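Take a look at the structure below.
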Amino acid sequence: MPTAVIAFDFDPLVQLAANLIVRWQTLALALIVLICLATAAVLARRDALRADDLLYIVIGAAPGAVVGGRIGYALLVPEAFSGGPLTLLDPAVGGLELGSAVAGGVVTASIVAALLGAPVGRWAHIATIPLLTAIVAGKLAMVLAGSGQGRFFDGDWATAFVGPGPWLSLAPDVPSHPAQVYEALGTALVALLVLTASSLGAFRGRDGSRLLVGIALWCLVRAAVSTTWRDPVVAGPLPVGGVIALVVAAAALVLAVVVGVWLPRRSRAMAGAQPAWPDPETRPPF
Numbered sequence: 025m026p027t028a029v030i031a032f033d034f035d036p037l038v039q040l041a042a043n044l045i046v047r048w049q050t051l052a053l054a055l056i057v058l059i060c061l062a063t064a065a066v067l068a069r070r071d072a073l074r075a076d077d078l079l080y081i082v083i084g085a086a087p088g089a090v091v092g093g094r095i096g097y098a099l100l101v102p103e104a105f106s107g108g109p110l111t112l113l114d115p116a117v118g119g120l121e122l123g124s125a126v127a128g129g130v131v132t133a134s135i136v137a138a139l140l141g142a143p144v145g146r147w148a149h150i151a152t153i154p155l156l157t158a159i160v161a162g163k164l165a166m167v168l169a170g171s172g173q174g175r176f177f178d179g180d181w182a183t184a185f186v187g188p189g190p191w192l193s194l195a196p197d198v199p200s201h202p203a204q205v206y207e208a209l210g211t212a213l214v215a216l217l218v219l220t221a222s223s224l225g226a227f228r229g230r231d232g233s234r235l236l237v238g239i240a241l242w243c244l245v246r247a248a249v250s251t252t253w254r255d256p257v258v259a260g261p262l263p264v265g266g267v268i269a270l271v272v273a274a275a276a277l278v279l280a281v282v283v284g285v286w287l288p289r290r291s292r293a294m295a296g297a298q299p300a301w302p303d304p305e306t307r308p309p310f
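Under the working numbering, the residue at position 81 of the sequence shown is numbered 105, and the numbers go up by one with no gaps.
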């Protein structure tokens, strides 16, 4: 058996009280969410948006993320729901698929923002970097639980989780692709590209196209990384999760073109059109 160059040997559990034991990953995720929400609130205040709307928008994102994530997971692991469609409502069965969860969360968050009368595009613009940062940090936090390992791999950067654990990957002690780290690094690069494009004036309209482009690029990274997952392939080198990522990427790019290019052009064309009044002498009186 090949030996991993990077081997993790630590206790993934922490005891907070006599009867309360949690994973380090759980604590890290809670801190990540708190930091990203605080960052979004600061950015919203700088952009003269109502920071209290952020709470409603985040709550509004939750049902879409859960529904989208469960639908994606049902496509990913259909045998997990062989007990019938009602098992989709059982939180003890299966989990969430990240690509479809993000897509669903963005949809319902946008609906809630529109109902509040908040500027959806400006909120989406602000949410881009906190969302990508949360994905990066969340993927890195998976290392704390030994989850997200890819296919078995004997390269120099293969990783393995030794010791009693409990780890969340199957066969954690076998050297494998650090797929969770691949996606974190790729998403960090996406965030850097989006920030660079923003500094060059690519998203001056603050119409939400920045969020859509960021999601699309992240999904392309996710699709590429999915070729290292342990899931069975269904289309070329891609597993179901990779196909879902490509579908979300395509939809996000189409919407980015619509809101960032087509709608502004249409608005300018309508604003420039002058009414064709008839000759004043022949125009009938009101």
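The beta carbon of each residue, even a glycine, is placed where N, CA and C say it ideally should be.
Predicted model only: the values in this text are computed from it and were never measured.
Here DSSP, grouped into helix, strand and coil, assigns Gln173 to coil.
Rounded to whole angstroms, the gap between the alpha carbons of Leu61 and Thr211 is 19 angstroms. Taking C-beta separations shorter than 6 angstroms and ignoring five residues to either side along the sequence, Val278 has no partners in its chain. Residue range Leu37 to Ala41 is occupied by the beta strand (DSSP E) that includes Leu37. By the criterion of a C-beta distance shorter than 6 angstroms, Leu155 is surrounded by no residue of its chain, once the five residues flanking it on both sides are discounted. Along the stretch 116-190, the beta strand (DSSP E) occurs as fully enclosed runs of 3 or more residues at 183-185, listed in sequence order. For Gly229 and Ser222, the gap between their C-alpha atoms comes out near 10 angstroms.
Collapsing the DSSP output to three states places Pro102 in a helix. For Arg69, there is no enclosing beta strand (DSSP E); the residue is part of the alpha helix (DSSP H) that begins and ends at Trp48 to Arg70. Counting every other CB atom within 10 Å of its CB across the protein chains shown gives Trp253 a total of 16 or more, marking it as buried. Bridge pairing for Pro196: absent [DSSP]. Inter-segment contact for the stretch 174-190 and the stretch 198-207 is present: three or more beta-carbon pairs are separated by less than 8 angstroms. Looking at the DSSP output, Val257 sits in a beta bridge with Pro263. Exposed is the label assigned to Ser106, since fewer than 16 other Cβ atoms lie within 10 Å of its Cβ. CA-to-CA, the gap between His149 and Val267 works out to about 26 angstroms. The straight-line gap separating the alpha-carbon atoms of Gln39 and Val46 is approximately 6 angstroms. With respect to the 8 angstroms criterion, Val283 and Gly232 are classified as neighbours on the basis of their beta carbons. Sorting Leu122, Val131 and Val186 by C-alpha distance to the C-alpha of Trp242 places Leu122 at the top. One alpha carbon belongs to Ala86, the other to Ala158, and they sit about 15 angstroms apart. The residue among Ile81, Gln49, Ala165 and Val272 with its C-alpha nearest the C-alpha of Gly141 is Ile81.
Under the DSSP assignment, Ala247 falls in the alpha helix (DSSP H) whose first and last residues are Ser233 to Val249.
For the pair of segments examined, the stretch 87-94 was found to touch the stretch 119-139: the number of CB pairs separated by less than 8 angstroms reaches three. Beta bridge pairing from DSSP links Ile45 with Gln39.
Minimum Cα-Cα distance from Val245 among the listed residues Val205, Leu112, Pro188 and Leu194 corresponds to Val205. Rounded to whole angstroms, Ala138 and Val144 show a C-alpha spacing of 6 angstroms.
Annotation: Trp147 to Val29 spans about 43 angstroms, alpha carbon to alpha carbon. In the same chain as Asp71, and ignoring 5 residues on each side of it, the C-beta atoms closer than 7 angstroms to its own belong to Arg146 and Ile150, in chain order. When only Cα atoms are considered, Met166 and Leu192 end up about 9 angstroms apart. When rounded, the separation of the alpha-carbon atoms in Gly128 and Thr111 is 19 angstroms. Spatial neighbours of Ala161 in its own chain (CB-CB distance under 7 angstroms, excluding positions within 5 residues in sequence) are listed in chain order as Ile56.
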